[in-house]
Every structure is written in structure tokens, then in C-alpha cells.
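Enquirer: The opening residue of the sequence shown carries number 49 in our numbering; numbering runs sequentially from there.
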Amino acid sequence: MGALAAAMCGTAAWADPYLEAIHGLMRASYQHLALTYACRDVTGMSQYREARVAAENAARATGMPTGVAMQTVEKMTARILATPVKNPHPSLNDCATGVTRTKQKLLAWRAKFRSAQQ
């Protein structure tokens, strides 16, 4: 019985960082996608398209089938479009700084996710 309890505790300890990494990765994907969408008139559509691909790849990395990952990103996009814009005219500096920051967060969560998988 003690071995079973130890095994269950080990599983629970492993699951928390893994689930945290999945949630963090998806949250960072959403934030990066939302900011690149808000800044699309300033920085161009290519950054938004790259963020969309990064979000799809992040979703697939969690084990989602490709179709489900693409639907997930579609839902993210719909939510972004439905959310009122806080700053309708962001500056180039705010966009450049913000996009760099959200991309770094996304990369950091991707690394945490990969680490949690092992």
C-alpha cells in the first residue's frame, strides 16, 4: 500500500508542472496572437500570421490533433475579435516591445513544456 501511495504522489507531482506548462503555453500563445493582431496595422500582417502558426504549433505540441489545434486557434481568434480594443492606435514602439515580450514568454513556456514532458 505504501508503494502505491508513493507512486500516486509521484504521478500527482509530475502532473502539476506538466498541466501548468500546457496552460502557460496556451495562455502565452493567446497573448502573443492577441497582441500581434492588435498591432497588425503597425507591424504588418506577417507577424500576426507567424503568431497564428506558433499558436497552432503550440496546441499540436500538447498532443492535440491538427484539426483540433486549428479549431482551438480559430476560437482564440474569434475571442480576440470579440474583445473590445483597449488601445485602438498602438505606437510602433509599444508594438515592437510588446510583441518581443510576448514572443519571449511563448518561447519560455514552450521550453517549460518540453522540460515537463521529460
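No residue lacks a Cβ here, since even glycine has one placed at the ideal position from N, Cα and C.
Rounding to the nearest angstrom, what Cα-Cα distance links residue 111 and residue 105 in this structure?
Expert: Going by the C-alpha atoms only, they are around 10 Å apart.
Enquirer: In whole angstroms, give me the CA-to-CA distance for residue 144 and residue 159.
Expert: Cα to Cα, residue 144 sits roughly 23 Å from residue 159.
Enquirer: What is the C-beta distance between residue 65 and residue 164, in whole angstroms, given that I count them as a contact (C-beta under 8 Å)?
Expert: Right, their Cβ atoms sit about 5 Å apart.
Enquirer: Write down the C-beta distance between residue 150 and residue 95 rounded to the nearest angstrom, noting that I regard them as a contact closer than 8 Å.
Expert: That belief does not hold up - the Cβ atoms of residue 150 and residue 95 are roughly 10 Å apart, past 8 Å.
Enquirer: Would DSSP call residue 146 helix, strand or coil?
Expert: Three-state DSSP puts residue 146 in a helix.
Enquirer: List the endpoints of the continuous alpha helix (DSSP H) containing residue 120.
Expert: First-last of the alpha helix (DSSP H) with residue 120: 114-130.
Enquirer: Residue 82 and residue 118: beta carbons closer than 9 Å?
Expert: No; because the gap between Cβ atoms is not below 9 Å, this pair is not in contact.
Enquirer: Count the other CB atoms, across all protein chains shown, that sit within 10 Å of the CB of residue 100; report buried if there are 16 or more and exposed otherwise.
Expert: Per the 10 Å Cβ criterion, buried.
Enquirer: Which same chain residues, not among the five before or five after residue 90, have their C-beta less than 7 Å away from its C-beta?
Expert: So the list reads 138, 140 and 143, once near-sequence residues are dropped.
Enquirer: Near residue 85, what residues of its chain come up, given a Cβ to Cβ distance below 7 Å and the 5 sequence neighbours on each side ignored?
Expert: The answer, listed in chain order, is 96 and 128.
Enquirer: Could you give the DSSP three-state label for residue 95: helix, strand or coil?
Expert: DSSP places residue 95 in helix when its eight states are reduced to three.
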